[in-house]
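Numbering (our numbering), first residue to last: 425 to 915.
Note that beta-carbon positions come from the ideal geometry of N, C-alpha and C, so glycine has one too.
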Ligand SMILES: Nc1ncnc2c1ncn2[C@@H]1O[C@H](COP(=O)(O)OP(=O)(O)OP(=O)(O)O)[C@@H](O)[C@H]1O
Ligand SMILES: [Mg+2]
């Protein structure tokens, strides 16, 4: 066994995040960890990578007990945690990021390092250019840099916590190939994902955690997605989206010849026109980075329009727009505020939360408790800081706030990113209920299957233009896939 955990437990105050967790992984194998949002996956990985100390239990590497006292100690033991893009310094190059903190500057030969890194990346099929600046690289490439960084530090065990959540389908395929190669080269890998098919397809073995406890460890080939989902949640789950008939109402928003530039002043949305009606979900299908972000921001009134206009129906004021931004930590939440405070960021000046300029703690608390129940936000109380929530539960806080108050227009960008199967299906149902109530919904996602299942009409975006608007009932995945890749429209 390369890695073995024996009865690892970890509490945060009275809350048990990890409860007697045991499992082991052979060298050269890929082990999946599955579990609902808040099940304790990241906490466990933070223990293995030395960020947290367990309250009890033992960790063995190659059958020898080890104490992983700090992230640095973990690196010395050959444990490499692959963080997502935010751990890299954007202004520095690939090479500089990889060697950061490892080399003495007085003896540094940058060219030599670049060659060393190029060789390392080639050996594992990780294509990168050592002299590129991080800020110019797509997310998938930044992640490759993170992987090379831990390989450069001689990691034997690689931990990836939801690495595919931010990747496009093509990038996911590339990553999966890379992980297979690493395993074939003898590296041991721990892989966390909410996408069950991915886990079944990639992993040799899987451990399922529910509310801090191991409920099953199995070989991935032996189980179906349905079985895994049920193990995670502890009850039956519906993996399909069930939608009622499409009954479009009045036009809620009319977009005419819209053009918007991105942060670097480059045209990102070009001459886009469409109408969105009450009771309708318009899906936006496209490869990440084709203008989706700028479209969402412009629709939410957060971005200057360079040309054209966005006309809202009289009934739809800015207060009546719900916006689920792509990046919950940067745009959706104030991490140092509590759940209750985050839930009223848009409405704290209104009744019942504020009366004659005074905040009303009991109304705020009550509101939070109801929302936590409705959206299944798992936390010990409404007063805990959002920074202490698991990733998926942070996303649920944004959803609970933005879907409150019956918005006329909902702009949802990657609304299920980081959510477990149960929560994903709950968000689908919630958005469909909003549609049936009469909300107009712009549904932006890079997951084509999700867009197809949720939408009434689908606009395909390519290089900032709508190359087609299709009826979701008749559109095929092949047709949309082709259009997304820049192909032209049939007929
Ligand atoms: N530093 C902390 N202080 C208090 N509670 C914490 C802390 N870190 C995690 N928790 C709690 O421990 C539980 C497990 O969180 P963890 O992040 O491990 O979940 P997860 O399985 O990774 O979920 P997700 O799929 O949403 O990422 C959560 O309820 C979370 O609120
Ligand atoms: Mg997590």
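Could you please give the first and the last residue of the uninterrupted beta strand (DSSP E) stretch that includes residue i?
i, result
"residue 492", "No beta strand (DSSP E) holds residue 492; DSSP gives it neither H nor E."
"residue 505", "503 to 506"
"residue 481", "480 to 485"
"residue 568", "No beta strand (DSSP E) holds residue 568; the alpha helix (DSSP H) holding it covers 563 to 576."
"residue 735", "731 to 736"
"residue 905", "Careful: residue 905 lies outside any beta strand (DSSP E), inside the alpha helix (DSSP H) at 901 to 908."
"residue 428", "427 to 436"
"residue 677", "675 to 685"
For residue i and residue j, what's the separation of their Cα atoms in angstroms?
i, j, result
"residue 915", "residue 903", "Legend: pLDDT at residue 915 = 43, less than 50; position of this residue unreliable, no value from coordinates given."
"residue 708", "residue 833", "15 Å"
"residue 907", "residue 715", "15 Å"
"residue 450", "residue 487", "11 Å"
"residue 808", "residue 791", "15 Å"
"residue 526", "residue 433", "32 Å"
"residue 693", "residue 889", "6 Å"
"residue 428", "residue 475", "18 Å"
"residue 504", "residue 495", "9 Å"
"residue 568", "residue 737", "45 Å"
"residue 887", "residue 910", "8 Å"
"residue 577", "residue 769", "43 Å"
"residue 633", "residue 555", "41 Å"
"residue 762", "residue 593", "34 Å"
"residue 604", "residue 590", "20 Å"
"residue 897", "residue 812", "42 Å"
"residue 829", "residue 747", "12 Å"
"residue 863", "residue 831", "7 Å"
"residue 669", "residue 860", "9 Å"
"residue 875", "residue 867", "7 Å"
Return yes when the Cβ of residue j is within less than 9 Å of the Cβ of residue i, no when it is not.
i, j, result
"residue 950", "residue 819", "Because the chain in this structure spans residues 425 to 915, residue 950 falls outside the shown range and cannot be described."
"residue 481", "residue 431", "yes"
"residue 660", "residue 654", "yes"
"residue 722", "residue 745", "no"
"residue 710", "residue 840", "no"
"residue 630", "residue 905", "no"
"residue 623", "residue 458", "yes"
"residue 676", "residue 702", "yes"
"residue 649", "residue 663", "yes"
"residue 519", "residue 537", "yes"
"residue 524", "residue 532", "no"
"residue 656", "residue 845", "yes"
"residue 706", "residue 881", "yes"
Report yes if the C-beta of residue i is less than 8 Å from at least one heavy atom of ligand 1; otherwise report no.
i, result
"residue 816", "yes"
"residue 506", "no"
"residue 601", "no"
"residue 734", "no"
"residue 460", "yes"
"residue 799", "no"
"residue 844", "yes"
"residue 793", "no"
"residue 436", "yes"
"residue 772", "no"
"residue 575", "no"
"residue 709", "no"
"residue 864", "no"
"residue 439", "yes"
How far does the alpha helix (DSSP H) with residue i in it reach, from first residue to last?
i, result
"residue 721", "716 to 723"
"residue 874", "872 to 878"
"residue 791", "785 to 798"
Is there at least one non-hydrogen atom of ligand 2 closer than 8 Å to the beta-carbon of residue i?
i, result
"residue 465", "yes"
"residue 586", "yes"
"residue 616", "yes"
For residue i, count neighbouring C-beta atoms within 10 Å of its own C-beta (all shown protein chains included) and say buried if the count is 16 or more, exposed if not.
i, result
"residue 597", "exposed"
"residue 743", "exposed"
"residue 780", "exposed"
"residue 436", "exposed"
"residue 426", "buried"
"residue 696", "buried"
"residue 827", "buried"
"residue 570", "buried"
"residue 483", "buried"
"residue 501", "buried"
"residue 727", "buried"
"residue 772", "exposed"
"residue 712", "buried"
"residue 786", "exposed"
Residue i CB to nearest chain B CB: under 9 Å?
i, result
"residue 514", "Judged by its chain identifiers, the structure shown contains no chain B, having just a single protein chain."
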